[in-house]
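Asks:
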Amino acid sequence: MTLYKLKKTDEFSSVFSFRKRFYGEWLIANIKPNQLSHHRYGLVVSKKVSKLAVRRNYMKRVLREVLRAHPAMSPVCFDVVVQVRKPFKQGEFAQVRQDVETLLCRLSKSVHAS
382 MTLYKLKKTD EFSSVFSFRK RFYGEWLIAN IKPNQLSHHR YGLVVSKKVS KLAVRRNYMK
442 RVLREVLRAH PAMSPVCFDV VVQVRKPFKQ GEFAQVRQDV ETLLCRLSKS VHAS
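Have a look at this one:
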């Protein structure tokens with residue numbers, strides 16, 4: 382599956398200003414509906430989470446792979462910005478994957494509820 386990305390600062394800002402969030406143990410998902418035929422994702426790993434760029438980049442690679450492997454379940458498409466709340470390492474990959482899947486399931490359930 383192709384992973385469509387949010388790239389511009391304005392795109393990230395509009396998602397943050399929409400103020401719809403889902404919280405997980407490891408991650409925060411900020412969402413905003415879009416008018417496209419697919420979801421778009423942005424990833425944020427701040428220096429507060431990890432000072433080393435190597436670790437921040439690892440976390441982004443892991444999240445990209447999990448999102449790429451996860452099929453979009455909702456009929457309404459969203460811009461999603463995933464923020465890392467706390468650092469994770471290789472041994473915690475399964476827990477992070479479960480957290481991403483939980484957040485995406487909550488996203489699809491909130492669409493069906495409204």
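Take the sequence shown: its letters are residues 382 to 495, numbered as in the working numbering. For each residue, glycine too, the CB sits at the ideal point set by N, CA and C. Remember, it's a predicted structure, so these values are computed and weren't measured experimentally.
Evaluate Phe474 with the Cβ neighbour count: other Cβ atoms within 10 Å of its Cβ, from every protein chain shown; 16 or more gives buried, anything less gives exposed.
Replies: exposed
Asks: From Asp391 to Ala410, what does the alpha carbon distance come to, in whole angstroms?
Replies: 17 Å
Asks: Go to Val462, then tell me how far its beta strand (DSSP E) extends in each direction, as first and last residue.
Replies: Phe459 to Val465
Asks: Counting only the same chain and skipping the five closest in sequence on each side, list residues whose C-beta sits under 7 Å from that of Leu384.
Replies: Tyr422, Arg445, Leu448 and Arg449
Asks: Can you tell me which of Arg442, Leu387 and Val461 puts its alpha carbon nearest to the alpha carbon of His470?
Replies: At residue 470 the sequence reads Lys, which differs from the His that was named. Among Arg442, Leu387 and Val461, the Cα nearest to that of Lys470 belongs to Arg442.
Asks: What are the boundary residues of the beta strand (DSSP E) that Leu424 is part of?
Replies: Arg421 to Val425
Asks: Within 10 Å of its beta-carbon, does Arg400 have 16 or more other beta-carbons around it, so buried, or fewer, so exposed?
Replies: exposed
Asks: CA-CA distance, Asn438 and Lys432?
Replies: Looking at the two C-alpha atoms, the distance is approximately 11 Å.
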